[in-house]
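Numbering (this note's numbering), first residue to last: 5 to 311.
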Amino acid sequence: MVAQNTVEPNPSAMPQAARKPTHLLVSQNCSYLFPANIELKSFPDKESHILIRDLEACKGADVQVLHRCYPKQDSSLMQLMLAGKTVSKVANRVEAIIPYLPYARQDKIWTPGEALSAEVICQMLSAAGFTSLVTFDCHFLKKPGEAVYGGLRIRNFSLSDDLVSYFKSKKPDALFISPDQGAAYLVNEIGGKSMVKRRGEYKSNKKVAHRPVESMDMNFDVKGRDVILLDDMIAGGGTMIRATRAVLSLGASSVCCGCTHGLFLGDAYTKLQEAGAEEIVASNTIASEASKIDILNPLRAKVIGKF
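Right, here's the structure in full:
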């Protein structure tokens with residue numbers, strides 16, 4: 005028997021005609037958060053197959069679909085599109101909950117002929133029947149709150165408070181710094197500072213698109229301070245590694261690194277440790293050895309059952 009993930013609505017907020025409770029659909033790849041009721045399989049030729057056994061419960065309801073789209077971004081996104089289109093045929097509204105949104109860094113065109121991939125993904129989600137999207141620390145939004153992008157309503161929540169609380173419990177007098185101005189919102193409310201990052205042009209590589217970090221500048225003093233570097237994500241680690249080395253070279257007593265999304269591509273985690281990071285912390289939007297911030301409580305408090 006598949007678990008029914010049903011969230012009762014707030015009676016005071018209900019219109020005169022009774023509304024069905026919000027229904028939560030959970031992919032198997034999110035079963036570490038809630039009981040799964042979307043089955044994910046693949047055919048021998050690797051095409052995706054999804055099955056929603058309790059589709060009847062979605063009829064006329066507001067439905068939220070919780071699904072991880074990393075790793076295997078392309079196939080995971082296809083699974084989500086299939087689920088969205090299936091549910092949207094019977095539901096009142098459908099909202100995608102994607103803890104880490106792939107392609108979010110591809111929100112600018114640097115070279116003629118590039119796809120504006122972040123916008124395309126949002127347009128595809130809308131075309132698949134989703135009326136809104138919930139995610140955490142979306143790279144192209146650069147602040148929490150609501151926005152419309154690619155024709156899709158996005159509710160972007162931040163884990164900055166959770167990260168700050170974690171580090172303050174260990175280093176109460178630490179100086180919080182974002183390694184670039186795009187992530188400044190993570191530290192602004194606590195009087196943090198921001199570095200200025202400059203990237204170079206794309207490296208000539210037939211297989212991998214990459215713009216290396218060329219410089220990290222700051223106009224504030226870190227000598228003798230415990231420093232906490234916060235960013236929305238750590239992927240290849242280039243930004244955090246350079247920032248870690250920079251503050252240590254200027255006399256910081258210690259450096260810890262935190263992020264919402266820890267991709268840690270290749271040996272990025274090890275390289276960051278070797279650069280001098282005392283501790284590396286991420287959330288479990290992406291499972292990693294650094295996952296020490298749990299998104300379950302923010303999901304329950306701010307997202308599930310709330311459109």
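Just so it is clear, CB atoms sit at the ideal spot from N, CA and C, and this is done for glycine as well. Values in this document were obtained by computation on a predicted structure and should not be read as measured data.
Determine the burial state of Ile113: buried for a count of at least 16 other Cβ atoms within 10 Å of its Cβ, exposed for fewer.
exposed
Opening and closing residue of the beta strand (DSSP E) in which Met237 lies:
230–238
So what does Val259 bridge to, in DSSP terms?
According to DSSP, Val259 bridges with Val231.
If you count every other CB in all the chains shown that lies within 10 Å of the CB of Val200, and 16 or more means buried, which is it?
exposed
Residue range of the unbroken beta strand (DSSP E) whose run includes Gly149
Residues 149–153.
Can you check DSSP and say which residues form a bridge with Gly133?
Looking at the DSSP assignment, Gly133 forms no beta bridge with any residue, so it has no partner.
Quick check: what's the CA-CA separation for Tyr107 versus Glu118?
13 angstroms
Are the region 22–42 and the region 295–311 in contact at 8 angstroms, needing three or more beta carbon pairs?
yes
Look at Ser258 and Val285 and say whether their C-beta atoms are less than 9 angstroms apart.
no
Please report the straight-line C-alpha distance between Gln32 and Gly262, rounded to a whole angstrom.
The straight-line gap separating the alpha-carbon atoms of Gln32 and Gly262 is approximately 27 angstroms.
Would DSSP call Ile284 helix, strand or coil?
strand
Beta-ladder partner(s) of Met220, from DSSP:
Lys201, per the DSSP bridge assignment.
Top-ranked residue by Cα proximity to Asn301, from Gly155, Phe171, Pro103, Ser92
Pro103
CA-CA distance, Lys296 and Pro48?
36 angstroms
Does DSSP put Ser164 in a helix, in a strand, or in coil?
helix
Among the residues of its own chain, which have a CB less than 8 angstroms from the CB of Gly280, if the five just before and after it don't count?
Thr248, Arg249, Leu252, Val259
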